[in-house]
Amino acid sequence: MAVFDIVVVILLVVGAIRGLRQGFLSQLASVVALLLGIWGAVRFSDYMATLLSEKFDIGSAHLPIISFAVTFILIVIAIHFIEKIVERFLNLAMLGGINKVLGFVFGFAKYAIITSVLLVFVEKANIRFNFFTEEQKSKSLVYNPVASLAPAIFPYLHFDTIKESVKKSLGNQKGK
Numbered sequence: 044m045a046v047f048d049i050v051v052v053i054l055l056v057v058g059a060i061r062g063l064r065q066g067f068l069s070q071l072a073s074v075v076a077l078l079l080g081i082w083g084a085v086r087f088s089d090y091m092a093t094l095l096s097e098k099f100d101i102g103s104a105h106l107p108i109i110s111f112a113v114t115f116i117l118i119v120i121a122i123h124f125i126e127k128i129v130e131r132f133l134n135l136a137m138l139g140g141i142n143k144v145l146g147f148v149f150g151f152a153k154y155a156i157i158t159s160v161l162l163v164f165v166e167k168a169n170i171r172f173n174f175f176t177e178e179q180k181s182k183s184l185v186y187n188p189v190a191s192l193a194p195a196i197f198p199y200l201h202f203d204t205i206k207e208s209v210k211k212s213l214g215n216q217k218g219k
């Protein structure tokens with residue numbers, strides 16, 4: 044096993060252990076909070092900017108950044124509050140063990156996807172900086188399976204739609 048394989052396996056084990064400790068619900072809530080927080084902040088920060096400008100004397104130069112941050116934080120807090128309530132019900136229903144086992148699997152998968160995304164960038168940089176030779180990649184036990192995750196998953200996430208939504212929202216901010 045190469046050094047690269049050992050590093051990736053350690054990352055995956057860390058993800059699995061974190062998932063086991065935190066549980067599936069907490070792991071899922073953190074991902075959902077991040078994604079919904081960003082989406083919601085992009086989508087609704089103009090409403091927050093209106094509320095903040097009515098209540099506080101905030102300069103227009105800082106208002107978009109502050110309204111984005113406040114919206115993001117409120118969404119993240121709300122999702123984590125909901126997650127804690129649902130987790131209490133799971134524990135009362137004695138489903139905490141299932142939550143932990145699913146957390147183990149989800150943590151492993153989450154870290155595998157993150158590692159795969161990083162490998163996409165490393166692969167792009169590898170052309171110039173030569174981090175890995177083709178021989179090293181072919182001898183690796185985990186390189187090909189992990190590196191193939193992100194390209195297999197991301198075509199289905201419709202990043203073009205997200206990018207257009209961000210551009211439209213930012214265009215609306217500039218017009219105000």
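Those letters in the sequence shown? Residues 44 to 219, per the numbering used here, in order.
Note that the Cβ used here is the ideal one computed from N, Cα and C, for glycine as well.
Alpha carbon of residue i to alpha carbon of residue j, nearest angstrom
i	j	result
Leu94	Tyr154	38 Å
Val129	Lys182	45 Å
Ala59	Asp100	47 Å
Ala45	Leu55	16 Å
Val50	Val57	11 Å
His123	Leu106	26 Å
Helix, strand or coil at residue i [DSSP, three-state]
i	result
His123	helix
Leu94	helix
Val185	coil
Ser103	coil
Gly66	coil
Leu78	helix
Ala155	helix
Under 8 Å between C-beta atoms of residue i and residue j
i	j	result
Gly80	Gln70	no
Val52	Val185	yes
Asn142	Leu135	no
Met91	Ser110	yes
Ala76	Ile116	no
Cβ-heavy atom distance, residue i to the ligand SAM, below 7 Å
i	result
Phe99	Absence of the ligand SAM from the depicted structure is noted, as is the absence of any ligand whatsoever, leaving it without description.
Query raised in the report: Would you call the stretch 187–196 and the stretch 148–162 touching, i.e. three or more CB-CB distances under 8 Å?
Result: Judged by Cβ distances under 8 Å, the stretch 187–196 makes contact with the stretch 148–162, as three or more pairs qualify.
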